[in-house]
Structure formats: structure tokens, C-alpha cells
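Below is one structure, written out as C-alpha cells; the observations come after it.
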Amino acid sequence: MLDLCDVPYVGCDARASRLAWDKPSAKAVLREAGIPTPDWVALPHDRFSELGAVAVLDRIVDRLGLPLMVKPTQGGSGLGTAVVRDAASLPAAMVGCFAYDSTALVERYVPGMDVAVSVIDLGDGPQALPPVEIVPRNGVYDYAARYTAGRTTWHAPARLDPDVVQTVAGVALAAHTALGLRDLSRVDLIVDSAGQPHVLEVNVSPGMTETSLLPLAVQAAGLDFGRVLGSLVSRAAARHR
Ligand SMILES: Nc1ncnc2c1ncn2[C@@H]1O[C@H](COP(=O)(O)OP(=O)(O)O)[C@@H](O)[C@H]1O
Ligand SMILES: [Mg+2]
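For the sequence shown, position 59 (counting from the first letter as 1) is numbered 211 according to the numbering used here, and the numbering increases by one without interruption.
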């Protein structure tokens with residue numbers, strides 16, 4: 153709509169936004185580019201009903217193992233997501249997910265540290281800001297943990313060894329580039345106990361509230377948030393001209 157109305161904007165174009173927004177499509181591009189992302193199956197509701205839930209779910213558990221993460225293919229804020237630790241809990245998780253989306257993403261659950269890496273481009277190419285570690289009080293970064301004060305604590309920068317920080321930054325930049333993004337993004341990933349990152353998703357329109365992750369990362373990098381935003385806006389305006 154912004155392109156149609158000839159309005160300049162910060163961020164990537166519609167094509168890249170659409171790609172990043174659809175988790176299985178984005179994961180396929182990441183995997184093609186050699187960027188680690190947990191194994192997954194995307195299952196549309198219609199097929200789920202047609203083929204018989206039990207048969208399909210058995211196959212998924214055989215393929216991916218347990219535990220699993222079930223989430224809507226499009227969406228966010230943790231709505232419709234569930235961790236599945238035993239096969240018997242999978243049908244209910246699928247039904248819960250289908251309340252939010254007509255296709256479910258079933259993904260291998262990766263235990264580890266929840267980390268968000270913000271990427272910004274102030275004119276010298278994309279740069280990864282310090283990773284932010286997310287510690288939900290009850291262990292799950294769901295809707296309540298995100299939007300209720302006191303339910304989540306953050307460490308900015310994340311408590312990671314410098315070599316892991318470098319690896320994570322490299323993977324986040326590679327994801328930003330592989331998806332054809334522009335200006336800014338936030339790469340959500342899990343860092344496992346061996347220090348290996350696994351990309352979950354890339355957000356093209358990261359949260360900008362006082363408790364959001366990109367502003368925390370900007371602060372951790374020692375940058376002024378207002379100046380960063382000013383620079384992004386100026387660049388978007390210049391591109392438009
Ligand atoms: N495969 C996974 N393994 C472990 N935790 C996961 C996995 N997928 C999602 N999570 C958890 O759920 C949260 C939300 O998942 P994410 O893919 O970022 O979706 P969204 O933020 O769009 O709801 C993550 O920050 C993480 O805490
Ligand atoms: Mg996320």
C-alpha cells in the first residue's frame with residue numbers, strides 16, 4: 153500500500169516481508185542458504201482432516217522426534233503455540249494452533265537460550281547489534297510472558313562467550329541477507345548448550361516499545377535510539393527521492 157501511495161518507509165519491500173512473515177517459506181530459504189533452523193513439517197488443516205489426524209501425527213513424531221514445538225505458520229506474540237513433550241498431547245496442540253492459522257508449523261523443539269539479534273543498516277551495510285537474552289519467569293516465552301510486566305527478564309548483552317556472540321551475529325546477518333531484508337530486522341533464535349544457534353524466525357517489523365528487544369539491543373550497543381531511528385528514516389527518505 154505504501155508503494156502504491158508513493159509513501160517512503162523504513163524496512164523491506166512487500167515481497168521480502170511476505171517471505172519472512174510465512175515461517176515455513178522463510179525456513180526453506182534459510183535452510184537452502186545453509187543457515188541452521190530446526191527440522192519442521194508444515195501441515196494445512198484440510199490435509200490434517202482428510203488424511204486422519206492419528207496417522208499424520210504418528211508420522212510427524214517418527215520424523216521429528218519429541219519434544220516438538222507447534223505454532224501457526226503466520227502470526228506472532230506466541231499466540232497458538234505449544235510445546236509438546238509426549239505424542240498424546242500433539243492433537244490438542246494442533247487444534248489449538250488451527251484456531252489461529254489454517255496451517256500449523258510443527259518443529260523440533262531445541263532446548264537452549266532464547267536470544268534475539270537485531271540487525272540494523274545505518275548506511276554501511278547491515279550490522280548485528282549485541283544479542284539480547286530472554287528469560288521468561290515460567291520458562292515459556294508466551295503471550296503473557298511478553299506483555300505482562302515482571303514475567304520476563306532480559307540480559308542485554310546476552311550471557312554468551314565472545315566466540316558464540318560472533319557466531320550468532322554471523323548467522324543473524326546471513327539470515328537477514330538470505331531473506332532479502334532491508335534497514336532493520338530481528339532474528340529470533342535458540343542457542344543450544346554447545347553454543348550453536350538455530351534460527352526460529354526473522355521479524356521485519358520488530359517491536360519498538362520500551363520493553364522491546366531492538367531498543368534494548370540499541371542501548372546495549374551504546375547507540376542513541378532516537379539517532380538510530382532518525383538515521384533509518386533519513387535513509388528511507390533519500391531512497392525515495
Ligand atoms: N523450535 C523451538 N524450540 C524451542 N523453543 C521454541 C521453538 N520455536 C519457538 N520456541 C519458543 O517460542 C517463542 C516464539 O517462537 P517464534 O518462532 O519466535 O514465534 P513468534 O515470536 O512469532 O510467536 C520463541 O521465542 C521460543 O521461546
Ligand atoms: Mg519470535
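Cβ atoms here follow ideal geometry from the backbone N, Cα and C, with glycine treated the same way.
- Counting every other CB atom within 10 Å of its CB across the protein chains shown gives L203 a total below 16, marking it as exposed.
- The residue among V267, A301, A327 and I187 with its C-alpha nearest the C-alpha of S345 is V267.
- Under the 8 Å Cβ criterion, the region 234-245 does not count as touching the region 268-282, having fewer than three qualifying pairs.
- DSSP assignment within the region 186-258 yields the following whole alpha helix (DSSP H) runs of 4 residues or more, N-terminal first: 197-203, 205-216 and 242-250.
- DSSP lists S270 and N355 as the bridge partner or partners of R338.
- The way I'd put it, the region 330-347 does touch the region 180-190; three or more beta-carbon pairs between them come closer than 8 Å.
- Inter-residue distance for A369 and Y252 is about 30 Å (C-alpha atoms, whole angstroms).
- The Cβ atoms of W306 and V339 do not sit closer than 8 Å to each other.
- Burial of D335 is indicated by the presence of at least 16 other C-beta atoms within 10 angstroms of its C-beta.
- When L375, D294, N355 and A327 are compared, the shortest CA-CA separation from T189 is found for A327.
- In this structure, the beta-carbon distance from P219 to Y161 does not fall below 8 Å.
- Residues V162 and D335 of the same chain have their beta carbon placed closer than 6 Å to that of L384, with the five preceding and five following residues left out of the count.
- Assignment of A324 by DSSP, reduced to helix, strand and coil, places it in the helix class.
- Looking at A194, D198 and G227, the one whose alpha-carbon comes closest to that of R211 is A194.
- From the listed residues A234, V356 and P176, the smallest Cα separation to D273 is found for V356.
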